[in-house]
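A.B. asks: Okay, so the sequence shown: first residue is 1 according to full-length UniProt numbering, each after it adds one. Just so you know, even glycine gets a beta-carbon here, dropped at the ideal spot from N, CA and C. Below: one structure in structure tokens.
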Amino acid sequence: MSVDTAPKPAGPVGPAAPGAPAPSRPGRTSRTGSGMVGSSQGSRWWLYLLLTVALVAVIAPFAWMVLGSFKGEGELRQVPPTWLPESASLDNYTQLFSKLNFGQYFTNSIVVAVVVTAGNLIFCSMLGYALAMLDFKGKKVIFTAVMGTLMIPGVVTFVPLFVLVANAGLIDTIPGLFLPFLVSPFGVFLMRQFILGLPKDLLDAGRVDGAGELRIFFRIILPLCGPALATLGILTFLGSWNNFLWPLVVAQSEDRYTLPVALALYSTGQNSTNYGLLLAGATVVIIPILVVFLIFQKRFIEGIATTGLK
């Protein structure tokens with residue numbers, strides 16, 4: 001008969017009894033959830049402060065522009081400047097709509113901006129689809145040319161572009177204002193990067209059903225490109241609406257002026273500038289941009305966040 005002389009453990013091996021405290025593990029300390037949340041929020045105060053300062057820096061010029069449009073010329077020029085108008089009036093807006101042929105300039109700007117935006121949405125998405133999903137000879141050469149064009153400043157191509165438009169007889173015409181900008185290299189790159197993330201199985205399924213490339217593009221690809229199209233549309237509309245140098249050179253008669261050109265010419269005299277008229281015009285010009293952004297802001301944010309992701 002043998003006797004078991006092995007040492008026994010000091011504590012129970014099985015589960016602890018109900019109500020007994022759990023054994024502590026060396027080297028670990030317990031942290032409460034509220035303490036972690038409090039420390040996390042406390043460490044981010046500088047981030048909220050920085051974002052608040054940035055927000056004020058962005059909004060302050062626009063707020064001053066809107067408030068300044070209700071001030072008189074004397075109050076706008078006084079030192080130190082005032083933030084709120086001492087005697088608000090609509091004289092600047094009355095002068096804006098009575099002095100300028102506002103309806104004609106607004107129509108010209110709308111036509112040019114809408115046509116340029118529509119052209120970029122259609123043609124850039126087509127070329128982006130071809131570069132992303134189709135295999136053809138010279139594909140890499142075309143993409144390299146697009147990227148090279150994207151890196152060239154617009155000032156470099158301004159004079160050759162003007163010569164082409166002049167030789168085509170489009171000076172002082174509405175088509176001359178929008179035809180050179182119907183396709184942009186940035187739009188092609190943006191649409192290509194977004195379409196690359198779409199599944200190719202959808203295209204194969206369409207081809208199996210007998211659909212052609214145009215039908216696949218309009219019925220399958222375009223409905224899936226909503227965020228990218230909204231992003232491209234907003235950026236293109238913004239750039240075309242605010243374009244100043246090209247309409248200033250091409251439009252040589254008042255009937256072809258766009259709003260930025262008309263405001264710059266009529267608010268700036270030979271010896272002085274009417275700042276009240278200029279601020280009122282800038283406030284009116286920015287309203288369509290805000291409307292377009294508020295309508296498509298959700299899609300715009302989605303397009304910025306997902307473009308290039310696979």
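Between the region 68 to 87 and the region 273 to 290, do three or more beta carbon pairs fall short of 8 Å?
C.D. replies: Cβ pair count under 8 Å is three or more, so yes.
A.B. asks: Where does Ile-221 land, buried or exposed, given buried means 16+ other C-beta within 10 angstroms?
C.D. replies: Answer is buried; the Cβ neighbour count reaches 16.
A.B. asks: Secondary structure at Thr-144, three-state DSSP: helix, strand or coil?
C.D. replies: Note: Thr-144 maps to helix in three-state DSSP.
A.B. asks: Cβ atoms of Val-261 and Tyr-105: under 9 Å apart, would you say?
C.D. replies: Going by C-beta atoms, Tyr-105 is nearer than 9 Å to Val-261.
A.B. asks: Is the region 228 to 248 touching the region 189 to 207 in the sense that three or more CB pairs, one from each, lie closer than 8 Å?
C.D. replies: Yes, since at least three Cβ pairs between the region 189 to 207 and the region 228 to 248 fall closer than 8 Å, the two stretches touch.
A.B. asks: Along the chain, where does the alpha helix (DSSP H) that runs through Arg-219 open and close?
C.D. replies: Run containing Arg-219: none; DSSP gives neither H nor E here.
A.B. asks: Hey, would you say Leu-263 sits closer than 9 Å to Ala-251, going by beta carbons?
C.D. replies: Cβ atoms of Leu-263 and Ala-251: not closer than 9 Å.
A.B. asks: Taking the straight line between their C-alpha atoms, what separation do you get for Thr-117 and Pro-185?
C.D. replies: Computed Cα separation, rounded: 14 Å.
A.B. asks: Could you round the C-beta distance between Asn-108 and Thr-258 to whole angstroms and report it? I think they count as a contact, below 8 Å.
C.D. replies: Right, the Cβ-Cβ distance comes to about 5 Å (below 8 Å), so this counts as a contact.
A.B. asks: In terms of alpha-carbon separation, which member of Ile-122, Val-53, Trp-83, Leu-90 lies closest to Pro-223?
C.D. replies: Comparing Cα-Cα distances from Pro-223 to each of Ile-122, Val-53, Trp-83, Leu-90, the minimum goes to Ile-122.
A.B. asks: Since Val-112 contacts Ser-240 with CB under 8 Å, what's their CB separation in whole angstroms?
C.D. replies: Indeed they touch by this definition, with Cβ atoms about 6 Å apart.
A.B. asks: One question on the structure: do Ile-128 and Leu-214 come within less than 9 Å of each other, judged by their Cβ atoms?
C.D. replies: Checking the sequence, you will find Gly at residue 128 rather than Ile. Not in contact: Gly-128 and Leu-214 (Cβ atoms no closer than 9 Å).
A.B. asks: Helix, strand or coil for Thr-273? Go by DSSP, reduced to three states.
C.D. replies: In the structure shown, Thr-273 sits in a strand (DSSP, three-state: E or B).
A.B. asks: Mind listing, in chain order, the continuous alpha helix (DSSP H) runs of no fewer than 4 residues lying wholly within the region 126 to 205?
C.D. replies: Runs found: 139 to 150, 154 to 167, 174 to 178, 185 to 196.
A.B. asks: Which first and last residues belong to the alpha helix (DSSP H) in which Trp-45 is found?
C.D. replies: Unbroken alpha helix (DSSP H) run through Trp-45: 45 to 68.
A.B. asks: Output the boundary residues of the alpha helix (DSSP H) element that contains Lys-99.
C.D. replies: Looking at the DSSP string, the run of the alpha helix (DSSP H) that includes Lys-99 is 91 to 99.
A.B. asks: Check each candidate in Ala-88, Phe-162, Val-188 and name the one with the smallest Cα separation from Leu-177.
C.D. replies: The residue with the shortest Cα to Cα distance from Leu-177 is Phe-162.
A.B. asks: Exposed or buried, which one is Ala-63 when buried takes at least 16 other CB atoms within 10 Å?
C.D. replies: Exposed, because fewer than 16 other Cβ atoms sit within 10 Å of the Cβ of Ala-63.
A.B. asks: Within the same chain, show all residues whose beta-carbon is closer than 7 Å to that of Val-292, passing over the 5 residues directly before and after it, in chain order.
C.D. replies: These residues qualify, in order along the chain: Ile-234, Phe-237.
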